[in-house]
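Here our numbering is used: the first residue of the sequence shown is 294, the next is one more, and so on.
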Amino acid sequence: MPRLRNTLVDACVVIGVDHNTDLTRTSPGSGTENSISDKIKYGPFKQHVLAVFTESLAYFPETVTRVEGEPFFEENQVICPNATAPIEASPSSGVRRSISHKPGTKRILPFSPEVTSSLPTFCYPDGGFIYRQPRDPDINYLVLTNMEGQRTYAVSMTFYCPFSMIESTVEKGQFLLLAETGPEDSFEALVSTVYVPICVCLVSLFPFMDTLKGCLSALIPQLKNQNINEIWRPIMKLATVVTTIPVPPPGPLAISFTLFGSLHVIHPPPEAGRRVVDIDLQLPILIFKPDVMIQIITCFLTQQRMVFVSSTYSLLTLIIEAIFTYLDPINWRLTYVPVLPNSLGDLVEAPGPFIMGVHSKLRSKVKQIRAQPETPSIVMVDIDKGTIDIDENNNVPSMPDSVAQSLLVRLRKASVAHQIMLASLPTKFTFEAVVQQRKDLAQKTNTELQETFLDMLVMLFGDVYSYMSFGNRYFDKPTYLQTIDDDDRPFYFEVLSSDAFERFIDERMENHERRDALAVLGEKMATQRNLQSTRSRTYTGRNGGTQQHQASVFKPVTEFFNIPMFIEESLSSGNFYRVYCNSLTKRLEKIDSKDIKLKAALLYLRGFAHIACDYPIEGLRDFHALYASSPDLFPRDFTAEVINSLDPNIRDVLQKEAFYKQTAMFRTFTTKDLDRKRNPSRKIPNDPMSKTDFEQRVKTLHKVILTPEQIDWLFNVLIDDNQLVSPESFRNLYKVLAELDKESENRDISGVHLDTKHPILKVSQNISTMKGMGRLVLTTELLYFIQNGARDATKITQVIDIKEIIKYNQQSLFAPGVQAVRIINSDRNIPPFQAALKEERDIWLCFMKEISAAQKSAIALRDNKLIEQGRSNILLAQALLELQFPLKTAEGACFFSRRAVDAEGLSDDTKDCLEMRLDPCVRESKRYTVMCIAYVPGNPGINDTASIWCGLGSGTIMVYETDAWNCVSELRYAKSRLSCLSLIDNNRLWAGSFDSVIYVINTDTRKSEQQLQNHTDFVSDVVKQEKSSGKHVVWSSSFNGQIMCWDAETRENIHSFTLKKIKPLSQIIPVNETTLWCVTADKILIVDVSAEGFPVLQKLNFYDQYEKPSLLEYALMVNDEEIWVGLKTQRGVVSWNTKTYKAEKIELTSDDEVHLCCMIRMLGSVWVGNRDGKVFVVNPDTRKIELKLHAHTDFVKSMCVTREGHVVTGSSSKEGKVCVWNAMFDIDIIDGTKRKKKLPEYEFVEKGNIPEGI
């Protein structure tokens, strides 16, 4: 079914407990209060999300039986992850089957996951109690702030559903619910009929409080005398309607619709940027006397810490939201919790400005907190008593007297205006007429109150525009304050320093063309008074010429559009949208073309409707017409999203449309590669996976780097009873990881853009800290704190500087023992940071320890990729938590914090020289040997950055740029392992492979240009040689003794020959133009390549103590007269003279046996790789080891040098990693002690003996 984006309600969430959930107490109770004989209530119990309904989805996370969704939801739109029985079966007990590991509810909802986790707590602020007697339904209002700093509004209705409750005979005080109720006879001592609260919560991005209350009220008669199995049909009808109804744009058009036989109307704000007003603004005026009301307004404007107290939860939100509307467009952006649940009462103790609402039962505790000397002042507003209590130590400045007196007179009139208007109106005799009369009077009262407080704001701040320099984005605050009377200056100083006023100024600086009511009236007033101070004169008020402008601002809705009747058969099919779209078209055809605002509103609605009907071009045509008539309503982001998601064929049609060609902005929207084009379904298996299959599939997981050890661990976590991983389990893990990875790239948190390139690992809920209320943000490098309402994030500490994280219980008057952490910095001058993370504490502790351990490992082992590994571990742990695995299991993914870092084994020389570790096997399913490494210098004008190319045993080539050592390419051409890489010219790399092919790769395009397939066995070596004529040739060899000579430019085979009866030929060395040294497993053959038939001139062997030929490992031409060859079974090397062919054994003295695997020249030294992972720096003249380095844990298999002064080494498959060593040093002997001396770059270049081709 299509999805309409601008709907009244995003989701309908049902919260409570039933026969499918466990009854878990949230706090211990006394035996009397919770015994079966108690005739009042039981509890409190933990509340669960029982159901979630969106426009196209019905999700029942707890039910163990299938739920019938028709006609509101098709069968595939109803998700019951725990269902085991058919629809017609009904549970006979409260026993639940074991939970399958599926994405949690928060991944189902269309809004912030944090809102989901908060709803059960906020919908039951007192805790969830079960009652013995029936109770009337009640309505509550909530405002929740998500991670992006956006407010989400919710209206909830709690009704009470009958159940039978059984008390456990095993453990007193434990209960079980049954869906069916019956007479309490045979189980008189064990069974009771109880009334369980079920909360239906409508969640919206818009504060249509009264409209949503009306919808929920219409539901109540449908639920009367219904048991739990009978409530879902009316709730699904409610959810389907309210998640389908569109919200009208700001302007003159209201939308009306019918639900359960009652009419409901959605009134939009009069203009873009104004608040939605869908509450009774007279409530505060009726409760508070005018002088108290002025004090409350003053406290709002001067940014005080305020706590509202009431015995009725619903009044808290309504009163505060009404005051926010009075002060619009000066908006409160700091901590705001209008209904604070009892379990979160400790937030009142947090530092920093806030506005909160608590139940009157907490009044005494709030007073106790105020009395504590270390607690900042708190202003208490008692709604029940209509009073305000300002701490005697809190010197709140007074509002200017002239403004206060004017406001006082008008508030006195407003408090009785409703009754006066009602007295003059004729009596209505029908229910519908009475209701309509009350709505009309309420609307008129709301308008007058908005005008009253707008006049107040104009009197206070109407002339600030005269002190704003829009070009320089500067508000001249000092000069503005100088114009104010001395008595009033403290008030203005506090207001101008507040976050709300600073944001008010900034918003107008950013959009100086904005013409809101305050700007219009302020300019009018400034003109009338000749820019004189408003504080020192009498205000002309409503008779001063501003009425005309205000009337236009608060002009009531004049047009209504009635949504077509909802026909149940069309709800799940999507036919409703087509009927709705046709109705809009008919209305557009009838309106006057001069009524621009009404036409714009209808085009706005029809554009969304067309797209919901899957007519994107028609929808974009409507948006084009909307942009021409009313740019303020144009949905820019949504339009860009639609264009970017179009099918290529439809996009081709769109580009031919005249309206598209005429609108330059449409063409500026960038077309993006969408995830759907990647077709992730190809990566999801269809059959259960064995361990071998899993090892291959696990490579597709988003941004997850898994070692073989971790792959084994994850496989054991996911397997079922058949020792296989099901496709569903893998699909769920894949999906959650993809979503978490996307979220980690989001840098906008609580209205603050986090200026960091590092991925975000975790964002806390809104918590209390020593720096105030806000959110902790953990990245791979830093821990931030974003205080509510702040413009910027505060850096708490670098992850690497975290010395210790201590768990403790923070004492509070509201909740003794709040779970908190104390983060100790390694710098003693930085005080510990304390945060009350509550139920998230253990998760945060796990993640902070993991990334801290990864950072320390990366520094100790010179391997920055370990930070990525740590991030990957945390990503996987988060995914497992969301799949409902316990924390203990998820902690298993955090490998760094579970094992000690072996960094102490690194010698000082190793730490000095080791710059970086690279993991070229990171995308492979297992570790592979780094068979060969080649250095490719930058190519000016094409690719200025040099790179190293690592050939793996898998046949893959990983390319790393040497400026930051980032992997930039992954090339897969060879069908088997690579054996050698050789740079033949500036941009041609020849790669030999065990598939008998030499691949010629363009290093600029990184494409394979040619495949040389002349060899008949594994290619073992490729070497370039320069002739005296200046011509270059390339020699290649294979294990079977085949040797070929190629023209380096044309790549034509010049000649070839084959050495007979030899063991595998591993290496060839062109000593000069006539001789080629061919290294086999047990001998060296010297071939005359200039003579006909390519005769073997000499066979060189080195015999061991038993007079047997020693096995040879690797050869290096150290200088023109000397070739060193490693011995496979003996320590040291053999030096052969290239002219006399004499051999000399070189004993490389060391505490370790030197069984070399590879060698390379660098700065007059020879770097030797050993079989146990060590690297020795040898002086070829003295034949002494000058330096011993140890960072690998397996054979050092390959080496190369770079022009930047590095030696790069690669290891065998047990490790499969690359180490980058800084080789820019000389070794001096001073007083018998070796001293390393770093070389400047110019000396390195002059002294360096760089091999040919580098």
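Don't be surprised by glycine CBs; every beta carbon is placed ideally from N, CA and C. A quick note: this is a predicted structure, and the numbers were derived from the prediction, not measured.
Minimum C-alpha distance to residue i - residue among the options
i: Pro-1020; options: Ser-1043, Ser-983 and Gly-1044; result: Ser-983
i: Leu-546; options: Asp-945, Gln-1391, Leu-881 and Phe-987; result: Leu-881
i: Cys-416; options: Cys-1371, Asp-1310 and Ser-449; result: Ser-449
i: Leu-1449; options: Ser-790, Val-1471 and Glu-1406; result: Glu-1406
i: Pro-418; options: Leu-609, Arg-567, Ile-1144 and Phe-553; result: Leu-609
i: Leu-1305; options: Asp-1314, Glu-1345 and Cys-1273; result: Glu-1345
i: Ser-1275; options: Gly-336, Asn-375, Phe-338 and Gln-1360; result: Gln-1360
i: Val-558; options: Lys-660, Gln-736 and Thr-591; result: Gln-736
i: Cys-874; options: Ile-889, Asn-855 and Ser-886; result: Asn-855
i: Tyr-920; options: Asp-945, Ala-905, Asp-940 and Ala-894; result: Ala-894
i: Phe-763; options: Val-1511, Ile-798 and Ser-1506; result: Ile-798
i: Ile-998; options: Phe-1140, Val-1215, Leu-1154 and Asp-1201; result: Val-1215
i: Leu-640; options: Ile-889, Ile-662 and Gly-420; result: Ile-662
i: Ser-1272; options: Cys-1338, Gly-1234, Asp-733 and Ile-1226; result: Ile-1226
i: Thr-1486; options: Ile-612, Pro-364, Glu-1508 and Pro-1473; result: Glu-1508
Nearest-angstrom beta carbon gap, residue j and residue i [assumed within contact, 8 Å]
i: Val-632; j: Leu-412; result: About 12 Å separates the two Cβ atoms, so there is no contact after all.
i: Ser-497; j: Tyr-446; result: 5 Å
i: Ile-681; j: Val-585; result: 5 Å
i: Pro-563; j: Asn-299; result: At roughly 18 Å, the Cβ-Cβ gap does not stay under 8 Å, so Pro-563 and Asn-299 are not in contact.
i: Gln-596; j: Pro-646; result: 5 Å
i: Leu-1047; j: Ala-1086; result: 6 Å
i: Ala-304; j: Phe-346; result: 7 Å
Beta-carbon proximity list for residue i, same chain, < 7 Å, skipping 5 on both sides
i: Asn-1236; result: Asp-1297
i: Leu-1130; result: Ser-1057, Ile-1060, Gln-1112, Ala-1113, Val-1114 and Trp-1137
i: Asn-1279; result: Asn-1232
i: Ala-643; result: Ser-1061, Gly-1065 and Met-1066
i: Ile-589; result: Phe-581, Ile-616, Val-674 and Ile-681
i: Gln-1103; result: Val-1111, Ala-1113 and Ala-1129
Cβ-based neighbour list, residue i, same chain, cut-off 8 Å, excluding 5 preceding and 5 following
i: Leu-579; result: Ser-708
i: Ser-391; result: Residue confidence is low: Ser-391 scores 33 on pLDDT, short of 50, so the model does not pin down where it sits. No coordinate-derived value is stated.
i: Lys-582; result: Gly-679
6 Å CB neighbourhood of residue i in its chain, flanking five on each side removed
i: Asn-1081; result: Leu-627, Thr-628, Met-1066 and Gly-1067
i: Met-458; result: Phe-468, Leu-470, Ser-485 and Val-487
i: Phe-987; result: Phe-1008 and Val-1018
i: Thr-511; result: One point to set straight first is that residue 511 is Ala, not Thr, in the sequence displayed. Closer than 6 Å at Cβ, skipping near neighbours: Leu-552, Phe-553 and Ser-555.
i: Val-872; result: Pro-857
i: Lys-721; result: Val-727 and Gln-730
i: Leu-1076; result: Ile-1089 and Thr-1090
i: Gly-1419; result: Glu-1406, Tyr-1407, Val-1426 and Leu-1449
For residue i, the residue or residues it bridges with in DSSP
i: Ala-1227; result: Trp-1242
i: Lys-339; result: DSSP lists no partner for Lys-339.
i: Asn-1463; result: Leu-1449
i: Val-345; result: Val-306 and Tyr-352
i: Ile-676; result: Note: Ile-676 sits in no beta bridge, so no partner.
i: Cys-373; result: According to DSSP, Cys-373 bridges with nothing at all.
i: Phe-1078; result: Leu-1069 and Thr-1087
i: Ala-1436; result: Trp-1429
i: Trp-1514; result: Leu-1207 and Val-1500
i: Glu-1097; result: Ile-1117
i: Ser-657; result: None; Ser-657 has no bridge partner.
*Please determine if the segment 1181-1191 and the segment 1140-1150 are in contact, where contact requires at least 3 C-beta pairs separated by less than 8 Å.*
Judged by Cβ distances under 8 Å, the segment 1181-1191 makes contact with the segment 1140-1150, as three or more pairs qualify.
*How do the segment 562-573 and the segment 649-661 stand: do at least 3 beta-carbon pairs fall below 8 Å, yes or no?*
no
*Kindly confirm or deny that the segment 727-743 and the segment 774-788 touch, where touching means at least three C-beta pairs closer than 8 Å.*
no
*Between the segment 497-506 and the segment 335-344, do at least 3 Cβ pairs fall closer than 8 Å?*
no
*Touch check for the segment 1161-1171 and the segment 1021-1033: three-plus C-beta pairs under 8 Å?*
yes
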